[in-house]
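To convert, count from 1 in the sequence shown and add 1; that's the working numbering. Beta carbons: idealized from backbone N, C-alpha and C, even for Gly. Because the structure is a prediction, the values reported are computed rather than measured.
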Amino acid sequence: MANLKNRIKNSITRLGKYRELAAKGYLFKLISAIFTDFLRLPFYLIPHKGVKVVEEDWDYLIILDACRFDTFKELNDIEGKLEKRRGLGSFTTEWGNKNFDGYYDDIVYVSGNPRVCDSMIKGFKGSEHFHDVIDVWDEGWDEELETVPPGKVTPAVLEVRKKYPDKRLIIHYMQPHCPFVIRTDLNKFLPLMENPDKSNIIRRKFLKFLASKSSEIRGLWKHTDNPWNAVKKEIIEIEEFREGHLENLRVVLKEVERLVENLDEKTIITSDHGELFGEFWMYGHPDGIRVKPLVEVPWFEVEMSKKVQ
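Structure representation (structure tokens):
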């Protein structure tokens with residue numbers, strides 16, 4: 002019943018969005034929003050089953066944000082066993098809400114993603130679910146890249162291990178999600194939010210981060226500073242963005258390999274959701290969509306013999 006209530010509330014919210022877009026004369030945005038929500042309809046009606054990560058056996062759970070199963074399989078060189086699992090969401094907070102519906106005192110969350118933090122973000126507040134949330138993005142934010150490089154997450158994890166030797170750790174790297182850390186030339190297509198009057202640096206960082214996520218919001222493409230709109234207008238090829246994504250994955254996998262060499266208990270590498278590169282006429286990772294490139298994620302158990310004993 003609660004699930005149905007949430008669906009009704011979401012429908013009312015979207016109806017308001019349609020009216021807003023129509024009033025502003027954004028016909029293309031309106032059509033895109035309706036089309037994407039139309040695709041969501043069958044997923045609302047059909048229960049979605051997938052892996053609930055808290056019920057699985059692991060000591061360290063490494064999250065690669067927006068990592069597809071196929072790209073992980075293509076680029077990963079870490080020794081271990083790879084399985085394909087179905088995730089519970091196509092957007093970080095959706096994934097968080099569906100995986101963590103209780104309080105888990107045995108888990109500490111090391112977060113390079115501001116969507117998992119001590120604040121309430123789209124109905125999910127990390128401190129209400131975990132023993133502690135370590136906001137790596139706070140101190141580890143790179144102003145030039147407008148993201149948290151993977152090299153900032155790893156040392157934080159090693160410090161947290163010392164502080165919480167008896168806790169399970171969830172380790173959330175921001176990559177391969179954009180902004181791009183190698184193909185920085187592509188970041189000019191990512192919208193940034195300027196807030197010169199904001200004195201709170203954390204808020205400023207977070208607002209910029211949210212702006213960089215705007216490409217995900219239900220295909221509402223209009224301006225050329227949106228990467229997917231640039232693709233649609235043939236300003237740039239989709240393969241360039243795919244390559245930027247793959248370069249991000251290569252970088253974060255190297256960092257993860259360095260990390261797992263220092264972990265001495267069962268370690269799983271997975272993803273919160275995948276990424277669309279034009280499949281089903283969509284890009285990014287809109288919430289509520291259950292197509293395979295978004296919900297089929299890697300579930301990789303690192304080989305113990307390759308780790309510190």
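- For Asp167, no beta strand (DSSP E) run applies, since DSSP gives it neither H nor E.
- Straight-line measurement puts the Cα of Ile172 at about 25 Å from the Cα of Ile290.
- Asp186 sits in a helix when the DSSP states are folded into three classes.
- Residue burial annotation: Trp282 is exposed, with fewer than 16 other C-beta atoms found within 10 angstroms of its C-beta.
- Ile269 counts as buried, since at least 16 other C-beta atoms from the protein chains shown sit within 10 angstroms of its C-beta.
- In the three-state scheme derived from DSSP, where H, G and I count as helix and E and B as strand, Lys85 is classed as strand.
- Taking 7 Å as the cut-off, the Cβ atoms of Met175 and Thr148 count as close.
- Counting every other CB atom within 10 Å of its CB across the protein chains shown gives Lys168 a total of 16 or more, marking it as buried.
- Looking at the DSSP output, Thr268 shares a beta bridge with Tyr61.
- The straight-line gap separating the alpha-carbon atoms of Gly97 and Ala231 is approximately 30 Å.
- Look at Gly285 here: in three-state DSSP terms it is strand.
- Phe278 is the residue among Met305, Glu304, Phe278 whose C-alpha sits nearest the C-alpha of Asp71.
- For the options Asn263, Val52, Pro299, Gly285, the alpha carbon positioned closest to that of Val161 is the one of Asn263.
- Taking all protein chains shown into account, Arg259 has fewer than 16 neighbouring C-beta atoms within 10 Å of its C-beta and is therefore exposed.
- At a Cβ-Cβ threshold of 7 Å, Glu256 and Pro166 do not count as neighbours.
- Taken atom to atom, the span from the alpha-carbon of Glu129 to that of Arg69 is near 29 Å.
- The criterion of a C-beta distance shorter than 7 Å is satisfied by Phe92 and His286.
- DSSP places Phe70 in the uninterrupted alpha helix (DSSP H) bounded by 70 to 76.
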